[in-house]
């Protein structure tokens, strides 16, 4: 008995990891969204899938997820990590720049979709207060599903991605006020009240007073975060331990989420604020790299949880009614969002894509409707049906994204005008040059790039050098550039050149190999220790290797020989000959497919004066 209990403690985790390791790669092989893979795994491995077939006993029971409460906790962490990553992609300046979309398009969507859905539910016979709660809950969309689906399809950087993100951010900010609104509505519909409802002033004031702790908690979270986060990560960075860095990231995400919950806010909102605060620091990209694997795995738990929550018995009992409710939900929201997106300047194709992915319900629908049932203002029977419709609608997001792409392409053939990108702020940084190493050489390279109007982003692992550069308002981030995931986060796919200035030959070679593996066409200029190191760099694919000892040695020799009275013409001729020898060595080390351009590793020799 004890052995069985011990095995059961980890059985659900093993089942989930098996699903992630088998079903998701299988879906990827057939070019189907991994989101659908996790959702399908949840349905299959839940109590209405293999659990029903096994009857709770037998071999199949070992492949069933039974502890749904544990899955829900991990799911909430997954959503928090997603919001934290979104915060890292922003900054307070960017959020300010996006305020027109977030508080214009986004807030309008929350209000109008809630009103439209609430009106539809009221016409279906639901009481007014219940209809309002249902409209508020189902009017929100799924950040956890929509953002990964758009990332899969490469839509995050365009107008669709930015407008969609603005709406989702407005929705996330609206969750706490909506939950407070549900409490306020519960105070209006008091026990024994008339159908019209009676206002209980004391209960209403008590509900409104919950806003004060939330506001205070939000302010404290921002203030403490600004004071603590940068010193904390500097301390961890000095320890030079990737494990400690990861532990600090986990502490910040979970700690901010718990602090927000204690203030009456959502855990995901706390994580979003922590991400926004870290986005202003030099650790932004290193944190993104450290947290990415956990975010993906925990989001997978969320999708599995959504699949598990689908009540197949209820679907079988009234399939047509639930499908009709799902289509009504999606149809009403798509119509409202499409109209708003057009009003805010998006082209028809982009507006349609935005509306389609935002049409289904989101994860916060379950939180808000559950709260409404607890408060006694939402019909338990109809709210249960609405939750099933919300789950079914989430399943449609990847398909609606594909349909939106197809319709937008067809529309683009008719109307070649580009969407108004200039009206939408960029979601990611852009730089002409990536500089790895920001010591005395890197600083000088950066100054020369700025002097000639070339933007750059620098990366360094020396926390003190990064700290000093940030104090001087230079674009320098902390991180290990030999990691391909960090180079991707720094925009290696868009930069025009990579300059590697580190004085460690081994690290220089690691960075060059990582960058060349990511982009074969990238111009890479690297600092070399000597001629032998330069030959190795040419062999692994640098465009130019600049040996730091050769040119200095040649100039020292030239000045010494001239001062000793050797004729200048002979000295310069010998220097010129030695440079040619080095160029020949470098050319021989360069792969044949990269020999088509002149070597600029050494300076050109001047004309030899007549002696």
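Numbering (our numbering), first residue to last: -19 to 591. Ideal Cβ positions, reconstructed from N, Cα and C, are used throughout, including at glycine.
{"query": "From 249, 433, 281, residue whose alpha carbon lies closest to that of residue 148", "result": "249"}
{"query": "Counted within 10 angstroms of its Cβ, other Cβ atoms place residue 564 as buried (16 or more) or exposed", "result": "exposed"}
{"query": "Stretch pair the stretch 85 to 101 + the stretch 313 to 325: three plus CB contacts closer than 8 Å", "result": "yes"}
{"query": "Residue nearest to residue 80 in terms of C-alpha spacing, selected from 209, 500, 321", "result": "321"}
{"query": "Residue 503, enclosing beta strand (DSSP E) - first and last residue", "result": "503 to 508"}
{"query": "Close-in-space but distant-in-sequence residues of the same chain around residue 465 (CB under 6 Å, 5 per side omitted)", "result": "269"}
{"query": "Residue 436 vs residue 413 beta-carbon contact at 7 Å", "result": "yes"}
{"query": "Same chain only: Cβ atoms within 8 Å of residue -7, ignoring 5 sequence neighbours per side", "result": "none"}
{"query": "Alpha-carbon to alpha-carbon, residue 232 and residue 358", "result": "36 Å"}
{"query": "Residues near residue 449 in its chain [Cβ-Cβ closer than 6 Å; skip 5 each side]", "result": "418, 456"}
{"query": "For residue 209, the nearest candidate out of 15, 238, 261, 242 (CA to CA)", "result": "261"}
{"query": "Segment contact, 8 Å Cβ cut-off, at least three pairs: the stretch 119 to 135 with the stretch 329 to 349", "result": "yes"}
{"query": "Buried or exposed by the 16-neighbour rule on C-beta atoms within 10 Å, applied to residue 98", "result": "buried"}
{"query": "Proximity below 7 Å, CB of residue 562 to CB of residue 511", "result": "yes"}
{"query": "Under the three-state DSSP convention, the category residue 120 falls into", "result": "coil"}
{"query": "Residues that DSSP places opposite residue 543 in a beta bridge", "result": "According to DSSP, which records beta bridges pairwise, residue 543 is partnered with nothing at all."}
{"query": "Stretch pair the stretch 477 to 485 + the stretch 283 to 297: three plus CB contacts closer than 8 Å", "result": "no"}
{"query": "Three CB pairs or more closer than 8 Å across the stretch 98 to 108 and the stretch 142 to 161", "result": "no"}
{"query": "Beta strand (DSSP E) segment containing residue 438, residue limits", "result": "436 to 440"}
{"query": "Straight-line gap, residue 143 to residue 332 (C-alpha atoms, nearest Å)", "result": "12 Å"}
{"query": "Touching by the beta-carbon criterion (3+ pairs, under 8 Å), the stretch 236 to 251 and the stretch 192 to 201", "result": "yes"}
{"query": "Residues near residue 63 by beta carbon distance below 6 Å, same chain, minus five either side", "result": "248, 251, 252"}
{"query": "Beta-carbon proximity list for residue 237, same chain, < 6 Å, skipping 5 on both sides", "result": "60, 247, 250, 251"}
{"query": "At least three beta-carbon pairs within less than 8 Å, the stretch 423 to 435 to the stretch 483 to 501", "result": "no"}
{"query": "Contact the stretch 288 to 306 vs the stretch 371 to 382: 3+ CB pairs below 8 Å", "result": "yes"}
{"query": "Alpha-carbon to alpha-carbon, residue 313 and residue 111", "result": "15 Å"}
{"query": "Under the three-state DSSP convention, the category residue 524 falls into", "result": "strand"}
{"query": "Anticipated Cβ contact below 8 Å, residue 467 with residue 259, distance rounded", "result": "Rounded, the Cβ-Cβ distance is 19 Å, inconsistent with contact."}
{"query": "Same chain, Cβ closer than 7 Å to residue 56, neighbours up to 5 away in sequence not counted", "result": "247"}
{"query": "Own chain partners of residue 490 with C-beta closer than 7 Å, once the 5 adjacent residues on each side are dropped", "result": "462"}
{"query": "Residues bridged to residue 457 [DSSP beta-bridge criterion]", "result": "439"}
{"query": "Segment limits, beta strand (DSSP E) that includes residue 477", "result": "477 to 480"}
{"query": "Opening and closing residue of the beta strand (DSSP E) in which residue 85 lies", "result": "Segment: none, residue 85 is in no beta strand (DSSP E) and carries neither H nor E."}
{"query": "Sub-7 Å separation of residue 551 and residue 538 beta-carbons", "result": "yes"}
{"query": "Integer Cβ distance of residue 271 from residue 65, believed to fall under 8 Å", "result": "7 Å"}
{"query": "For residue 413, three-class secondary structure by DSSP", "result": "strand"}
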